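Written out below as structure tokens is the structure these notes cover.
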Amino acid sequence: MILYRPDGIVNSGGDKMSETNKTPKRIQVLMAASKIVKELGLEHLTLDAVAKEAGISKGGLLYHFPTKDALILGMVQELTNRFSTEVDQKVKEDRKEKGKWSRAYLEATANSSNDMNSVLAAVLFTGPSVVEGLHEQYKTWQKNIENDGLNPVHSTIIRLVADGLWFTDMFGLAPPDDDLKKKIIHELTNWTGEVK
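Residue numbers for the sequence shown follow my numbering, beginning at 363 and rising by one.
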């Protein structure tokens, strides 16, 4: 599975693909759209601008994303898929069964890219259809976290604090400094092994 990151394309193993490998057109389009949103703002996201930035024809772009709304939805889906893949990978790598979903969610959230946060913040509130797709994924994460071997109230608090840290970073709402954030994450990680 190929995943998008702001610094390039990576494979499921996390290695950056070489410049000689051909980047799929769909990913080129999503990278170009993300760059425009990050650097210029959502108001500058047009199909013409994305096609130009991606170095493809408008017809080539329309093949993958027939409308601007489809492109925005594609961006959100790609970011969600990337995050979900990271959570799943961390769960598989965790040798300790109890609390593994809470730890994976917390770590993946803490490691989320500021560049991608800014893109997601810009596109997330463009309409209800963009958010609708996230509902099912969040239900799945919540169900896994509640059945994580921890007290479901405590594991849910861990998820909600992780989300809160992410949102404060995303929107610049007085996020804690790096030192305090590390201490909060460390404390929450301790909870995943100690909370009964």
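Using N, Cα and C, we set each Cβ at its ideal position, and we do this for glycine too.
Just so it is clear, the structure is predicted and the values come from calculations on it, not from any experiment.
Query                                                                                                 : Result
Own chain, CB closer than 7 angstroms to residue 468, minus 5 neighbours either side, in chain order  : 520, 524, 547, 550, 551
Any non-hydrogen atom of the ligand NAP closer than 7 angstroms to residue 485 Cβ                     : This structure lacks the ligand NAP; in fact it carries no ligand of any kind.
Local conformation of residue 548 per DSSP, three classes                                             : helix
Nearest to residue 388 (by Cα), restricted to the options 401, 400, 416, 398                          : 416
Contact the segment 452-472 vs the segment 401-418: 3+ CB pairs below 8 angstroms                     : no
Separation of residue 449 from residue 470, as counted between CA atoms                               : 6 angstroms
N-terminal and C-terminal residue of the alpha helix (DSSP H) that residue 535 is part of             : Where residue 535 is concerned, there is no enclosing alpha helix (DSSP H), given that its DSSP letter is neither H nor E.
Collapsed DSSP secondary structure at residue 511 in the structure displayed                          : coil
Identity of the residue in 485, 426, 512 nearest residue 405 by Cα                                    : 485
Buried or exposed (CB count within 10 angstroms, at least 16 for buried), residue 554                 : buried
Per-residue burial, residue 432 [other beta carbons within 10 Å of its own, 16 or more giving buried] : exposed
Selection from 465, 440, 397 that minimises the alpha carbon distance to residue 451                  : 465
Alpha carbon of residue 453 to alpha carbon of residue 527, nearest angstrom                          : 21 angstroms
Residue from 545, 446, 391 whose Cα sits closest to the Cα of residue 421                             : 391
Inter-residue spacing [alpha-carbon to alpha-carbon] between residue 473 and residue 543              : 12 angstroms
First and last residue of the uninterrupted alpha helix (DSSP H) at residue 417                       : Residue 417 -> no alpha helix (DSSP H), and no H or E assigned at all.
Span of the alpha helix (DSSP H), counted from its first residue to its last, around residue 443      : 430-455
Span of the alpha helix (DSSP H), counted from its first residue to its last, around residue 464      : 462-472
Supposed contact pair residue 407 and residue 430 - C-beta distance, whole angstroms, cut 8 angstroms : 7 angstroms
Residue-chain proximity (residue 531, chain B), Cβ-Cβ < 8 angstroms                                   : Looking at the structure shown, chain B is missing, and only one protein chain is on hand.
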